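Protein chains: 2
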Amino acid sequence: MLITLDPIDRHILRVLQRDGRISNVDLAKEVGLSPSPCLRRVRLLEEAGIIDRYVAVLDPAKVGAGLTVFARVWFKTQDAEVTLRFAEAVRRFPEVMECYLTTGECDAVLRIVTADLHSYWRFQADHLTRIPSVLSVKTDVPMETLKRSFELPLR
Amino acid sequence: MLITLDPIDRHILRVLQRDGRISNVDLAKEVGLSPSPCLRRVRLLEEAGIIDRYVAVLDPAKVGAGLTVFARVWFKTQDAEVTLRFAEAVRRFPEVMECYLTTGECDAVLRIVTADLHSYWRFQADHLTRIPSVLSVKTDVPMETLKRSFELPLR
DNA sequence: AAAAATTTGGCATATTCTGCCATTCGAAGA
DNA sequence: TCTTCGAATGGCAGAATATGCCAAATTTTT
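One line per chain: the protein sequences are A and S, in this order.
When we follow this note's numbering, the leftmost residue of the first sequence carries the number 46, and every step to the right adds one.
When we follow this note's numbering, the leftmost residue of the second sequence carries the number 46, and every step to the right adds one.
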């Protein structure tokens with residue numbers, strides 16, 4: 046299902062990416078519509094799957110998830126069986142926020158969230174490297190956040 | 046400001062991480078409270094900064110941001126001046142969703158979003174490698190998404 | 001230029017939010 | 001164990017918001 050977004054749609058999406066809980070009345074003012082057609086557009090964007098969902102963004106440090114680690118993983122082999130088992134394992138770990146299969150230098154990239162370095166090492170030693178598919182892991186540990194955005198660029 | 050979260054708070058946070066636009070009435074039912082104390086708790090979580098914000102999550106592929114790339118960057122030097130200029134440049138690029146300074150193998154890790162491989166190469170050639178601080182860049186290009194979560198693990 | 005299709009704005013109703021107050025619950029002390 | 005005090009809860013009333021419908025306006029098509 047492909048939908049062409051006009052400038053008002055993009056305006057709506059920009060606003061909702063910044064404040065997903067803005068009232069429809071205020072959103073309508075912001076984009077220069079009356080509430081009815083504004084709500085109609087939002088519903089269409091939702092039904093088309095362009096708006097996937099609404100979420101609350103928590104402060105990681107304040108809920109004991111202050112450390113983000115990027116891990117690159119090498120598999121023992123690249124066959125479908127190994128990949129599938131890796132995927133299943135990874136989906137079970139709540140610490141793994143994102144996981145992608147890559148081509149090139151490594152086989153998978155993960156974004157992992159834990160409380161601190163100690164609990165990350167425990168996770169890596171006890172869980173990540175124990176997934177049978179995993180040959181080795183290299184990590185990049187962020188020391189400082191320069192940017193963290195939730196707004197996809199529109200056009 | 047440190048706040049101790051009781052099981053109900055965590056329940057609220059779990060629900061809001063999945064559906065940031067649930068009505069307070071439904072949220073209250075879900076966590077077993079009446080609407081008043083439920084809303085009061087949500088407001089406290091917001092004021093404490095535990096809930097940072099609410100956002101709409103868009104489908105990247107449907108808004109022309111289908112490709113996520115992880116880039117590792119090496120600086121020419123690691124002094125504060127270079128780092129600062131890099132930070133300023135990176136914050137200006139809407140394609141850069143996340144950027145962290147790292148210690149260890151590389152100097153910075155970025156998550157970059159573009160429409161496709163071609164527009165990524167243009168971004169890297171025209172913008173990223175032209176930041177004066179940047180010595181070299183290595184990229185990991187995801188071929189498939191195994192997991193993409195927006196829920197920080199709570200405890 | 002006329003007609004069709006889409007989009008818009010306004011209105012009425014239902015639902016939800018918000019602030020206030022009495023009550024209840026739980027912890028600390030006698 | 002009983003009493004007291006503070007915090008959290010539940011319910012209520014008024015305000016604000018969401019929702020669905022229909023006529024008017026706009027845009028597109030012929």
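Every residue gets a Cβ at the ideal spot worked out from N, C-alpha and C, and that includes glycine.
Predicted, not measured: the structure shown is a model, and the values here were computed from it.
Residue i - DSSP class collapsed to helix/strand/coil
i: residue 181 of chain A; result: strand
i: residue 57 of chain S; result: helix
i: residue 175 of chain S; result: helix
i: residue 101 of chain A; result: strand
i: residue 147 of chain A; result: strand
i: residue 128 of chain A; result: helix
i: residue 153 of chain S; result: strand
i: residue 136 of chain A; result: helix
i: residue 187 of chain A; result: strand
i: residue 66 of chain S; result: coil
i: residue 167 of chain A; result: helix
i: residue 46 of chain A; result: For residue 46 of chain A, the predicted structure reports a pLDDT of 49, less than 50, and the residue's modelled location is therefore unreliable. A value from the coordinates is still provided. It is coil, neither helix nor strand.
Contact under 7 Å by Cβ, residue i with residue j
i: residue 65 of chain A; j: residue 100 of chain S; result: yes
i: residue 114 of chain A; j: residue 176 of chain A; result: no
i: residue 118 of chain S; j: residue 152 of chain S; result: yes
i: residue 120 of chain S; j: residue 180 of chain S; result: yes
i: residue 127 of chain A; j: residue 178 of chain A; result: yes
i: residue 182 of chain S; j: residue 110 of chain S; result: no
i: residue 57 of chain A; j: residue 93 of chain A; result: no
i: residue 70 of chain S; j: residue 80 of chain S; result: yes
i: residue 95 of chain A; j: residue 51 of chain S; result: no
i: residue 112 of chain S; j: residue 161 of chain S; result: yes
Residue i - containing beta strand (DSSP E), residue span
i: residue 116 of chain A; result: 112-120
Rounded distance between the beta-carbons of residue j and residue i, thought under 8 Å
i: residue 165 of chain S; j: residue 174 of chain S; result: At roughly 12 Å, the Cβ-Cβ gap does not stay under 8 Å, so residue 165 of chain S and residue 174 of chain S are not in contact.
i: residue 97 of chain A; j: residue 102 of chain S; result: 5 Å
i: residue 154 of chain A; j: residue 147 of chain A; result: 5 Å
i: residue 191 of chain S; j: residue 132 of chain A; result: 5 Å
i: residue 197 of chain A; j: residue 108 of chain S; result: 6 Å
i: residue 62 of chain A; j: residue 195 of chain A; result: 6 Å
i: residue 55 of chain S; j: residue 200 of chain S; result: 7 Å
i: residue 189 of chain S; j: residue 145 of chain A; result: 7 Å
Where the alpha helix (DSSP H) containing residue i begins and where it ends
i: residue 71 of chain S; result: 69-76
i: residue 81 of chain A; result: 80-92
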